[in-house]
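Residue numbering for the sequence shown follows the working numbering, starting at 964 and increasing by one per position. From the three backbone atoms N, C-alpha and C, an ideal C-beta is built for every residue, glycine too. Everything numeric in this text was worked out from a predicted model, so none of it was measured. See structure below.
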Amino acid sequence: MITITYFGNLKQLQPSGSETLQWLSGTSDDLLDLLRQRGPDWADALQPGRIFKIAINQQLQHGTAAINDGDQVAILPPVTGG
């Protein structure tokens, strides 16, 4: 199991702001692909090509990173506004 915390507009898709997900191992790209399969709203919010910041166990990752059972993952969407 991993715990995922959502920030920004992603919180609209998961109103509690976080969830636990059955997970053995994979990468941050695998996780984003899995979440996109939840439906059009998720696919739109997590479009490939958008730049997301991913933190694993409170460490900001650069590029694709391994996610293992028991990890805490935070997904931060691109910052917008002026």
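Original post:
Can you tell me where the alpha helix (DSSP H) with Ser-991 in it begins and where it stops?
Top reply: 991-999
Subject >> Close beta carbons around Ser-991, own chain, < 7 Å, minus the five adjacent residues each side >> reply: Ile-1017, Gln-1024, Thr-1027, Ala-1028, Ile-1030
Subject >> For Leu-973, three-class secondary structure by DSSP >> reply: Per DSSP, reduced to three states, the secondary structure at Leu-973 is helical.
Original post:
With distances taken from CA atoms, which of Ser-988, Leu-994, Gly-989 is nearest Thr-968?
Top reply: Ranked by how close their Cα comes to the Cα of Thr-968, the residues Ser-988, Leu-994, Gly-989 have Leu-994 in first place.
Subject >> Alpha carbon of Arg-999 to alpha carbon of Gln-1010, nearest angstrom >> reply: 8 Å
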